[in-house]
Amino acid sequence: MADKMELKSVEVWDGNMASAQALRQSQVDVVAAYPITPSTPIVENYAGFLANGYIDGEYVMVESEHAAMSGCIGASAAGGRVATATSSQGFALMVETLYQASGMRLPIVLHVVNRALAAPLNVNGDHSDMYLGRDSGWIQLDTFTPQEAYDMGLCAFKIGEDHDIRLPVMVHQDGFISSHTAQNINPLSDDDAYAFVGEFQPMNAMLDFEKPATYGTQTEEDWHFEHKARQHNDLMTKVFPKIEEVFAEFEAKTGRKYKLVEDYYMEDAEVVIVAMGTTVETAKLTARIIREQEGIKAGVIGLRVVRPFPFEKLADLLKDVKAIGAMDRSSPNGTVGMLYNEIAGVMAGTAEMNAVMTNYIYGLGGRDMTVEMLKGIFRELNENAKAGKRLGAIQRFINVRGPELSFLGK
Amino acid sequence: MLEIRWHSRAGQGAVTGAKGLADVISTTGKFVQAFAFYGSAKRGAAMTAYNRVDDEVIINHEKFMNPDFVLVIDPALTYTDDITLNEKGDTKYIITTHMTKDELIKSQPVLEGKDVYVVDCMRISQETIGRPMPNTPMLGALMKVSGMYDIEFFKENMTEVLKKFPQKIIDANLAAIETAYNEVN
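So, in structure tokens, the structure goes:
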């Protein structure tokens, strides 16, 4: 029986400690891990909790991230609660196995501390790894603060392990800006957290010898499409209601309210920044300031769920907006950013939506995104809104050296 | 919003100092942030750490800061780092040095006319902790200069932050805090 940890009502934890504590309180059966910056302290802290008797479970040290996710897949198929953490190059090495995990419908939880992808080598935060995972069939939850990394760390098990869902879940947080930034956190007690997450309910466990099950079969043209179609169908139709149900339960327990899409100052907003990660909060602060100081009707939208993509929620929130800035923290390498593309898709499918859209590429490799820069973006969006058309290029790079870099539609 | 920038070398405990400070402040109902720029994270490399303190939840995640306090815990960084970067008119500097304030300002004229305080965190930590760990004495100096908390209250709370260490180490750190509190000028 694992020891319980006495926690204060307010702890000062960084995002990594927050994630590690959420894993500990969920009493994971197997963590197979290969540490990588900046996610290292998640599995390091977890291993410490286990060694000190706070967890009944197995910690498997492996030789690579490919092996880490493979170990998680085996343990999950065997019939246990399973989780791990990674970043960047480690995530990239996991990619092959990510598709295995989701295709076999294994509800593994993966904490992804977002970091740039080499080359050039860089340990700091951007969203390249998160973007790399977006077609992998996982549910992707995004967080903006260490508190949210903790909260989503608990919700993730409850969402993915539900027998109607049975899908793996990534919990994303920004490398360093969340993972290594200590802030006030209100944790649940061990008992309350475990009561919320609930005991793991196995389904088709390979260790259930009374009911043999097969994982990882080969299906060619005869059945492959049906499996993929069913997975997509569940992502499109079952996941959002389940997430909303879990968020409602979480709110009842903690008072902390989460939505599929977080929105700030949207009641009368004319110009809107759509972003992910810590930038959502800095943009929220900027919107508050620029409303007071310059009267710009600024609003902010932050994606809580990246996959499945909350298409209809965004259509609803953005239908009366005049200008939208889609903020992508990942090099699009030859096209517009993912958020721009997705929101343009929402607009194309939504008759009432008629905003001027621009795409901002920012923050690669940990480059700062400041309140002043966000003010500049809101002002630019405001000029577009007043003109009723885009005054510059579609895509612009923010805070990069050299002459202004902008592309498309000039 | 109160903002603090630490200038340190990796391994001197600026991150631990910033987090310890955040821990203590959080017990008074305030909201805190503690973070650092690690760069390539080599022991001995110059680095900066940061604190934000506010009465409401801190939602600013920019790394940019106009510091209210600049804490320099390695003496040489006064000359090699840009310690006055993004300063405000009333930024206070607390600098580790064996020199007097006048000698220090003469040796680094960029500090002329600024609100400078000196304390020898290196010597104090050598004498109390037994090795050069300038982070905790700097916290004592900060308490004096900022008037943030009563020193006894701060020491009591630091005891809680340090509780995983043996009593001998806790006592040495508390002595370092107290000495720096008394000596900073």
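In order, the protein sequences belong to chains G and Z. What the first sequence shows, in our numbering, is residues 1 to 410, in sequence order. What the second sequence shows, in our numbering, is residues 1001 to 1185, in sequence order. All residues carry an ideal CB built from backbone N, CA and C; glycine is no exception.
Tell me where the beta strand (DSSP E) around residue i begins and ends.
i, result
"Met357(G)", "356 to 361"
"Glu1156(Z)", "Here Glu1156(Z) belongs to no beta strand (DSSP E); instead the alpha helix (DSSP H) covers 1151 to 1161."
"Val1070(Z)", "1069 to 1072"
"Val272(G)", "271 to 275"
"Glu419(G)", "It is not possible to answer for residue 419(G), since the shown part of chain G is limited to 1 through 410."
"His111(G)", "109 to 114"
"Asp56(G)", "No beta strand (DSSP E) holds Asp56(G); DSSP gives it neither H nor E."
Roughly how many whole angstroms lie between the Cα atoms of residue i and residue j?
i, j, result
"Ser128(G)", "Ala252(G)", "34 Å"
"Gly175(G)", "Asp368(G)", "12 Å"
"Ala1014(Z)", "Met347(G)", "48 Å"
"Gly299(G)", "Ser189(G)", "35 Å"
"Lys1036(Z)", "Thr1048(Z)", "Note on identity: in this sequence residue 1036(Z) is Ala, with Lys being the wrong assignment. Straight-line Cα distance between these residues: approximately 6 Å."
"Glu11(G)", "Ser1026(Z)", "8 Å"
"Asp29(G)", "Val82(G)", "6 Å"
"Ala1010(Z)", "Ser406(G)", "38 Å"
"Ile394(G)", "Gly409(G)", "6 Å"
"Gln183(G)", "Asp1023(Z)", "9 Å"
"Glu1062(Z)", "Ala385(G)", "27 Å"
"Phe225(G)", "Thr350(G)", "29 Å"
"Leu23(G)", "Tyr54(G)", "11 Å"
"Asp191(G)", "Lys319(G)", "43 Å"
"His172(G)", "Val95(G)", "15 Å"
"Ile185(G)", "Met276(G)", "20 Å"
"Val1119(Z)", "Ile36(G)", "38 Å"
"Asp151(G)", "Glu404(G)", "40 Å"
"Tyr34(G)", "Arg1043(Z)", "23 Å"
In the DSSP assignment, find the unbroken alpha helix (DSSP H) run with residue i in it and report its ends.
i, result
"Ala47(G)", "40 to 51"
"Gly103(G)", "88 to 103"
"Ser128(G)", "128 to 132"
"Ile1025(Z)", "1014 to 1026"
"Val280(G)", "279 to 294"
"Val371(G)", "371 to 387"
"Thr1096(Z)", "First-last for Thr1096(Z): 1092 to 1096, but that is the beta strand (DSSP E), not the alpha helix (DSSP H)."
"Leu339(G)", "338 to 348"
"Ala33(G)", "Looking at the DSSP string, Ala33(G) is not in any alpha helix (DSSP H); the run it does join, the beta strand (DSSP E), is 30 to 33."
"Arg230(G)", "224 to 237"
"Ala193(G)", "190 to 197"
"Asp1171(Z)", "1167 to 1183"
"Asp316(G)", "311 to 318"
"Tyr1079(Z)", "1077 to 1080"
Could you check how far apart the C-beta atoms of residue i and residue j are, in whole angstroms? I think they sit under 8 Å.
i, j, result
"Leu154(G)", "Gln293(G)", "With 8 Å as the limit, Leu154(G) and Gln293(G) do not qualify as a contact, their Cβ atoms being about 38 Å apart."
"Gln1012(Z)", "Asp1074(Z)", "6 Å"
"Ala1180(Z)", "Ile1124(Z)", "5 Å"
"Asn374(G)", "Thr286(G)", "For clarity, residue 374(G) is Leu in the given sequence; the question names Asn instead. Confirmed, about 4 Å."
"Pro308(G)", "Leu235(G)", "5 Å"
"Ile361(G)", "Gly325(G)", "Between Gly325(G) and Ile361(G) the Cβ distance is about 11 Å, and since that is not below 8 Å, they are no contact."
"Ser102(G)", "Ser76(G)", "That belief does not hold up - the Cβ atoms of Ser102(G) and Ser76(G) are roughly 11 Å apart, past 8 Å."
"Ile1004(Z)", "Asp1068(Z)", "7 Å"
"Val1116(Z)", "Tyr1093(Z)", "5 Å"
"Met327(G)", "Val271(G)", "Not confirmed; about 13 Å, so no contact."
Going by DSSP, which residues form a beta bridge with residue i?
i, result
"Arg401(G)", "Arg401(G) is not bridged to any residue."
"Phe1037(Z)", "Thr1048(Z)"
"Ile185(G)", "Glu11(G)"
"Ile139(G)", "Val169(G)"
"Ile301(G)", "Asp263(G), Val274(G)"
"Leu1002(Z)", "Val1053(Z)"
"Phe157(G)", "For Phe157(G), which the question treats as bridged, DSSP gives no partner whatsoever."
"Met1099(Z)", "DSSP output for Met1099(Z) lists no bridge partner at all."
"Met327(G)", "Tyr360(G)"
"Val1145(Z)", "None, per the DSSP bridge assignment."
"Tyr1117(Z)", "Ile1094(Z)"
"Arg256(G)", "Beta-bridge pairing links Arg256(G) to no other residue."
"Asp174(G)", "Asn114(G)"
"Ser1008(Z)", "Met1047(Z)"
"Gln27(G)", "Gln27(G) pairs with nothing; no bridge assigned."
"Thr335(G)", "Looking at the DSSP assignment, Thr335(G) forms no beta bridge with any residue, so it has no partner."
"Ser406(G)", "Arg396(G)"
With a threshold of 9 Å between beta carbons, is residue i in contact with chain A?
i, result
"Phe378(G)", "This model lacks chain A altogether; the protein chains it does include are G and Z."
Nearer than 8 Å: is that true of the beta carbon of residue i relative to any heavy atom of the ligand NAP?
i, result
"Leu207(G)", "In terms of ligand content, the structure shown is empty, and the ligand NAP therefore cannot be addressed."
Inset, instruction - Could you list the residues in the region 282 to 295 of chain G with a C-beta less than 8 Å from some C-beta on chain Z, going in chain order? - result: Thr282, Lys284, Leu285
Inset, instruction - Note down, in chain order, all residues in the region 154 to 186 of chain G with a beta-carbon under 9 Å from any beta-carbon belonging to chain Z. - result: Residues passing the 9 Å Cβ filter: Asp174, Phe176, Ile177, Ser178, His180, Thr181, Ala182, Gln183, Asn184.
Legend entry - Residues in the region 40 to 70 of chain G having any Cβ partner in chain Z nearer than 7 Å: none
Inset, instruction - Select from the region 364 to 397 of chain G all residues with a C-beta closer than 7 Å to any C-beta belonging to chain Z, and list them in chain order. - result: For the region 364 to 397 of chain G, the residues whose beta carbon sits under 7 Å from a beta carbon of chain Z are, in order, Asp368, Met369, Thr370, Val371.
Inset, instruction - Quick one: which residues of the region 1006 to 1034 of chain Z get their C-beta closer than 7 Å to a C-beta of chain G? List them in chain order. - result: Lys1019, Ala1022, Asp1023, Ser1026, Phe1031, Val1032, Gln1033, Ala1034
Inset, instruction - Check each residue of the region 252 to 282 of chain G: if its Cβ is closer than 8 Å to any Cβ of chain Z, include it; give the result in chain order. - result: Thr278, Thr279, Glu281, Thr282
Legend entry - Within 8 Å of chain G by C-beta, residues of the region 1049 to 1065 of chain Z in sequence order: Listed by position, the residues of the region 1049 to 1065 of chain Z near chain G (Cβ gap below 8 Å) are Val1057, Ile1058, Ile1059, Asn1060, His1061, Glu1062, Lys1063, Phe1064.
Legend entry - Selection of the region 4 to 22 of chain G by Cβ proximity to chain Z, strictly under 9 Å: Lys8, Val10, Glu11, Val12, Asp14
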